[in-house]
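Asker: Shown below is the structure under consideration.
Numbering (this note's numbering), first residue to last: 192 to 518.
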């Protein structure tokens with residue numbers, strides 16, 4: 192056994208060595224990640240944080256950074272989850288939401304199989320809260336749908352008619368608010384919100400097209416360089432492909448082109464009248480309407496999330512006297 196050290200040091204000779212601070216880029220990335228998901232009261236475990244960081248980071252560096260931030264009182268940790276919010280009850284909310292999402296995924300697969308049977312549907316992915324592994328009583332199941340070129344609005348109208356008649360216009364399990372066609376896979380909104388939605392989408396129909404969509408929007412890797420692509424576990428097969436092909440053949444010529452344009456003009460006209468209080472920029476962000484794109488989000492969820500993110504970042508900077516985060 193090593194004998195105890197008996198040498199007495201005078202006060203001036205005592206040196207206290209502070210714990211070295213982790214790389215600032217990793218610290219900022221972890222804080223920014225947790226601040227983003229704090230908007231949704233959504234704590235993350237260490238693996239999720241590592242996947243969501245905007246910089247490369249190995250497990251050792253992440254553990255060092257999390258320990259440092261805990262020591263500084265900037266983040267909190269309970270039951271395996273890290274968070275900005277001091278309220279540990281959001282951990283229970285997260286766990287409860289995960290259980291609900293498991294059941295909702297099965298529902299989403301059934302509806303994806305149904306949607307895939309509609310004419311001109313080429314690809315389906317799940318977005319929104321379900322793609323983050325969370326559902327509560329107020330959550331809808333959101334679908335991101337890719338259509339054949341030149342038939343987006345006809346396809347969308349058929350799905351909307353089905354929802355209104357057979358689902359009594361309920362969007363609970365059938366929220367179809369974003370469509371793009373195969374020739375317009377690139378999403379123009381390059382920001383943290385859109386990057387998150389792209390990274391997290393769960394493909395349920397046509398995995399090859401899902402990968403093409405990610406490739407067309409590879410800018411999202413700037414925000415999520417560590418996030419893994421989804422696998423094929425939730426991919427479904429379409430029902431009655433012969434019937435679908437037959438209907439598409441009947442609508443492949445000029446009648447189908449005319450119907451698609453008619454659906455586009457009628458829908459866009461209705462939205463412009465209903466949301467005439469929107470300025471052109473707001474209308475385009477919330478109800479982007481082109482022959483190859485249909486985005487319907489009149490409540491401006493993207494705008495709200497980005498505003499809240501900016502507010503949280505600036506507030507956190509002031510509270511802990513940090514250098515500005517970059518958006």
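For each residue, glycine too, the CB sits at the ideal point set by N, CA and C.
Alpha carbon to alpha carbon, how far is residue 233 from residue 422?
Answerer: Position 42 of the chain shown, counting from 1, holds the residue named residue 233. Position 231 of the chain shown, counting from 1, holds the residue named residue 422. For residue 233 and residue 422, the distance between alpha carbons rounds to 23 Å.
Asker: Taking the Cβ atom as the reference point for each residue, do residue 318 and residue 388 lie within a distance shorter than 9 Å?
Answerer: On the chain shown, residue 318 is found 127 positions in, with the first residue counted as 1. On the chain shown, residue 388 is found 197 positions in, with the first residue counted as 1. Yes, they are a contact pair.
Asker: Can you tell which of 236, 244, 248, 284 has its C-alpha closest to the C-alpha of residue 268?
Answerer: One-based indexing of the chain shown puts residue 268 at position 77. Considering only alpha carbons, the answer is 236.
Asker: From 384, 247, 301, 447, pick the residue whose C-alpha is nearest to that of residue 411; which is it?
Answerer: Within the chain shown, numbered from 1, the residue matching residue 411 stands at position 220. Out of 384, 247, 301, 447, 384 has the C-alpha closest to the C-alpha of residue 411.
Asker: Just the Cα atoms here: how many angstroms apart are residue 487 and residue 479?
Answerer: On the chain shown, residue 487 is found 296 positions in, with the first residue counted as 1. On the chain shown, residue 479 is found 288 positions in, with the first residue counted as 1. If I take the Cα positions, the gap works out to 7 Å.
Asker: Can you list, in chain order, the residues of its chain with a C-beta nearer than 6 Å to that of residue 513? Leave out the 5 residues immediately preceding and following it.
Answerer: In the chain shown, counting from the first residue as 1, residue 513 sits at position 322. Closer than 6 Å at Cβ, skipping near neighbours: no residue.
Asker: For residue 567, which of 484, 448, 457, 445 has the nearest alpha-carbon?
Answerer: Residue 567 lies beyond the range of the chain shown here (192 to 518); nothing can be said about it.
Asker: Using only the alpha-carbon positions, how far apart do residue 501 and residue 380 sit?
Answerer: Translated into the one-based positions of the chain shown, residue 501 becomes position 310. Translated into the one-based positions of the chain shown, residue 380 becomes position 189. If you take the alpha carbons of residue 501 and residue 380, they lie about 17 Å apart.
Asker: Please state whether DSSP places residue 264 in a helix, a strand or coil.
Answerer: Along the chain shown, one-based indexing puts residue 264 at 73. Of the three classes helix, strand and coil, the one that applies to residue 264 here is coil, per DSSP.
Asker: Please determine, among 297, 510, 240, the residue with the shortest C-alpha to C-alpha distance to residue 264.
Answerer: On the chain shown, residue 264 is found 73 positions in, with the first residue counted as 1. Nearest neighbour of residue 264 by Cα position, chosen from 297, 510, 240, turns out to be 510.
Asker: Return the residue from the list 337, 282, 330, 301 that minimises the CA-CA distance to residue 292.
Answerer: Locating residue 292 in the chain shown gives position 101, where the first residue counts as 1. Ranking the options by Cα distance to residue 292, first place goes to 330.
Asker: Using only CA atoms, which one of 430, 506, 442 lies nearest to residue 300?
Answerer: The residue given as residue 300 occupies position 109 in the chain shown. Considering only alpha carbons, the answer is 430.
Asker: According to the neighbour-count rule (16 or more other Cβ atoms, all chains shown, within 10 Å of its Cβ), is residue 228 buried or exposed?
Answerer: Here the question's residue 228 lines up with position 37 in the chain shown. The residue in question, residue 228, is buried, as its Cβ has 16 or more Cβ neighbours within 10 Å.
Asker: Could you check the C-alpha separation between residue 144 and residue 322 for me, to the nearest Å?
Answerer: Given a span of 192 to 518 for the chain in the structure shown, any question on residue 144 remains unanswerable.
Asker: Alpha carbons only, please: which of 425, 362, 349 is nearest the one belonging to residue 442?
Answerer: As a first step, residue 442 is located in the chain shown; it is residue number 251 there, counting from the start. Comparing Cα-Cα distances from residue 442 to each of 425, 362, 349, the minimum goes to 349.
Asker: Could you check whether the region 305–312 touches the region 268–281, counting it as contact only if at least three pairs of C-beta atoms, one from each stretch, sit closer than 8 Å?
Answerer: no
Asker: Would you mind giving the Cβ-Cβ distance between residue 455 and residue 344, rounded to the nearest angstrom? I have them listed as a contact below 8 Å.
Answerer: Sequence index remark: in the chain shown, residue 455 carries index 264 (1-based). Sequence index remark: in the chain shown, residue 344 carries index 153 (1-based). Going by Cβ atoms, the distance from residue 455 to residue 344 rounds to 4 Å, so yes, they are a contact pair.
Asker: With a threshold of 8 Å on Cβ separation, who are the neighbours of residue 302 within its own chain once the five nearest residues in sequence on each side are excluded?
Answerer: Start at 1 with the first residue of the chain shown, and residue 302 comes out as number 111. Cβ within range, chain order: 332, 334, 364, 365.
Asker: Give the secondary structure of residue 432 by DSSP, where H, G and I count as helix, E and B as strand, and everything else as coil.
Answerer: Within the chain shown, the letter at position 241 stands for residue 432. The answer is helix: DSSP assigns residue 432 an H, G or I state.
Asker: Closer than 6 Å by C-beta to residue 493: which residues in its own chain qualify, once you throw out the five before and the five after it? Chain order, please.
Answerer: For the purposes of this step, residue 493 is taken as residue 302 along the chain shown, with counting starting at 1. Within the same chain, residue 493 has close Cβ partners 384.
Asker: In three-state DSSP terms, what is residue 199?
Answerer: For this step, residue 199 is matched to residue 8 along the chain shown. Bear in mind that the predicted position of residue 199 carries a pLDDT of just 35, short of 50, making it too unreliable to give a figure here.
Asker: Is there contact here, the region 444–464 with the region 277–286, by at least three beta-carbon pairs under 8 Å?
Answerer: no
Asker: If I follow the unbroken beta strand (DSSP E) through residue 274, where does it start and stop?
Answerer: Translated into the one-based positions of the chain shown, residue 274 becomes position 83. Element bounds for residue 274: 272–274.
Asker: In the structure shown, what three-state DSSP assignment does residue 446 receive?
Answerer: Numbered from its first residue, the chain shown carries residue 446 at position 255. Residue 446 falls in the helix class under three-state DSSP.
Asker: Leaving out five residues on either side along the sequence, give the residues of the same chain with a beta carbon under 8 Å from the beta carbon of residue 247.
Answerer: For the purposes of this step, residue 247 is taken as residue 56 along the chain shown, with counting starting at 1. Around residue 247: 416, 417.
Asker: Could you tell me how far apart the beta carbons of residue 489 and residue 466 are, in whole angstroms, since I believe they sit closer than 8 Å?
Answerer: The sequence position of residue 489 within the chain shown is 298, counting from 1. The sequence position of residue 466 within the chain shown is 275, counting from 1. Separation of the CB atoms of residue 489 and residue 466 is rounded to 6 Å, and the pair is thereby assigned contact status at 8 Å.
Asker: Who are residue 370's beta bridge partners in DSSP?
Answerer: Indexing the chain shown from 1 puts residue 370 at position 179. Note: residue 370 sits in a beta bridge opposite 336, 485.
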